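Per this note's numbering, residue 7 is the first one in the sequence shown, and the count goes up by one each step.
Ideal Cβ positions, reconstructed from N, Cα and C, are used throughout, including at glycine.
None of the values given here were measured: they were computed from a predicted structure.
Some notes on the structure that comes next.
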Amino acid sequence: MELFGRFIPTQTLFFIFIVVIGILMLVYFRNRKYNLALLTIVSKELEAALQPTDQTYTWIGGTVGFKAEYQTPNPLRKAEATATMLSRQSLLFYPISKVLLGNDRLFVVIYPTERFRREAHIIERWYYRLRLQTLENEADFIRKTVTVRNKTFDLFSSDNAGIEKLSAWLTRLPNPELIKHVAFVPENGSVYLYMIPKPDAITQTVSTMTRLTAGK
Numbered sequence: 007m008e009l010f011g012r013f014i015p016t017q018t019l020f021f022i023f024i025v026v027i028g029i030l031m032l033v034y035f036r037n038r039k040y041n042l043a044l045l046t047i048v049s050k051e052l053e054a055a056l057q058p059t060d061q062t063y064t065w066i067g068g069t070v071g072f073k074a075e076y077q078t079p080n081p082l083r084k085a086e087a088t089a090t091m092l093s094r095q096s097l098l099f100y101p102i103s104k105v106l107l108g109n110d111r112l113f114v115v116i117y118p119t120e121r122f123r124r125e126a127h128i129i130e131r132w133y134y135r136l137r138l139q140t141l142e143n144e145a146d147f148i149r150k151t152v153t154v155r156n157k158t159f160d161l162f163s164s165d166n167a168g169i170e171k172l173s174a175w176l177t178r179l180p181n182p183e184l185i186k187h188v189a190f191v192p193e194n195g196s197v198y199l200y201m202i203p204k205p206d207a208i209t210q211t212v213s214t215m216t217r218l219t220a221g222k
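Set out below in structure tokens:
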């Protein structure tokens, strides 16, 4: 068989084919195992932070991720989470998922017993510029830029007192460099968190967020 103007024996092509298939299978099983292990860590760290009385998990596409609902004690009414992993198990789709998603993602929504009166946001600068680009009713907010541990964030609140509270709140988070977006949503009384799920950082971040929203 000719390939790029050179004759390549059929046996050589077959050998190359077998090697490629072997590499693809090795990557699939190894990285599938990695994703499953990471998802297990994420679920355990979430439970350690939220201390739920009951929990329900729904798997998304095997190794893609999961959705979870937690029944929680005070100071929360309940909590929800969604974790999605990059497609590491596929050499073909991993680059695409890396471009589209950027990183593994963890979304946590907690519902404090005490509701918030005003909407407010903490958004990592590059995530704001590349993904969000704007907020709904952004003209109604006061905006301030702060830098914490060499990471730049944009803070949005309806008044300066809210901005100062957000700034102080952000500096108390144990791993601010993993934060992409925090939103205080008065309409449904929730606090939304989007972060990169790194082992040994999830429990600290979520539990600290829970304490801070409870005013402790």
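Discussion item. Measuring alpha carbon to alpha carbon, tell me which residue in Arg-155, Leu-161, Thr-88 is nearest Ile-148.
Written reply: Out of Arg-155, Leu-161, Thr-88, Leu-161 has the C-alpha closest to the C-alpha of Ile-148.
Worksheet entry | Nonlocal neighbours in the same chain, by C-beta distance under 7 Å from Arg-155, ignoring five residues either side | Result list for Arg-155: Pro-182, Glu-183, in chain order.
Worksheet item: In the DSSP assignment, what are the bridge partners of Glu-144?
Response: Beta-bridge analysis with DSSP links Glu-144 to no other residue.
Worksheet entry | Sequence-distant residues of its chain with Cβ nearer than 6 Å to Tyr-63 (five each side left out) | Cβ within range, chain order: Phe-72, Ala-74.
Fill in: Cross-strand partners of Pro-118 (DSSP beta bridge)
Assignment of beta-bridge partners to Pro-118 by DSSP yields Leu-82.
Worksheet item: Would you say Gln-57 and Pro-81 are within 8 Å of each other, going by their C-beta atoms?
Response: Not in contact: Gln-57 and Pro-81 (Cβ atoms no closer than 8 Å).
Discussion item. Can you list, in chain order, the residues of its chain with a C-beta nearer than 8 Å to that of Thr-59? Leave out the 5 residues immediately preceding and following it.
Written reply: Spatial neighbours of Thr-59 in its own chain (CB-CB distance under 8 Å, excluding positions within 5 residues in sequence) are listed in chain order as Gln-77, Thr-78, Pro-79.
Fill in: Limits of the alpha helix (DSSP H) - the one that Ser-173 falls within
First-last of the alpha helix (DSSP H) with Ser-173: 166 to 177.
Item to complete: Below 7 Å CB to CB, which residues in the same chain sit around Ala-126 once its five sequence neighbours on both sides are set aside?
Response: The residues are Phe-162, Ser-163, Gly-168, Leu-172, Phe-190.
Discussion item. Can you tell me where the alpha helix (DSSP H) holding Val-212 begins and where it ends?
Written reply: Unbroken alpha helix (DSSP H) run through Val-212: 208 to 219.
Worksheet item: Ends of the beta strand (DSSP E) at Gly-71?
Response: Element bounds for Gly-71: 71 to 77.
Discussion item. Check this for me: beta carbons of Glu-130 and Phe-99, under 8 Å apart or not?
Written reply: For Glu-130 and Phe-99, no; Cβs fall outside 8 Å.
Discussion item. Based on DSSP bridge pairs, tell me the residues matched to Glu-193.
Written reply: BP columns for Glu-193 are empty, so no partner.
Item to complete: Output the distance between the C-alpha atoms of Val-197 and Leu-107, rounded to the nearest integer angstrom.
Response: The C-alpha of Leu-107 is placed about 22 Å away from the C-alpha of Val-197.
Discussion item. Considering only their Cβ atoms, is the gap separating Tyr-117 from Ala-87 smaller than 8 Å?
Written reply: The criterion of a C-beta distance shorter than 8 Å is not satisfied by Ala-87 and Tyr-117.
Fill in: First and last residue of the uninterrupted beta strand (DSSP E) at Ser-163
If you look at Ser-163, you'll find it in the beta strand (DSSP E) that goes 157 to 163.
Discussion item. Checking the sheet assignment: what are the DSSP bridge partners for Trp-65?
Written reply: As a beta-bridge residue in DSSP terms, Trp-65 pairs with Phe-72.
Worksheet item: With C-beta atoms as the reference, is Leu-92 less than 8 Å away from Thr-69?
Response: No.
Worksheet item: Taking the beta strand (DSSP E) that Glu-130 falls in, what are its first and last residues?
Response: Segment 126 to 130, the beta strand (DSSP E) holding Glu-130.
Discussion item. With H, G and I counted as helix, E and B as strand and the rest as coil, what does DSSP make of Met-31?
Written reply: Three-state DSSP puts Met-31 in a helix.
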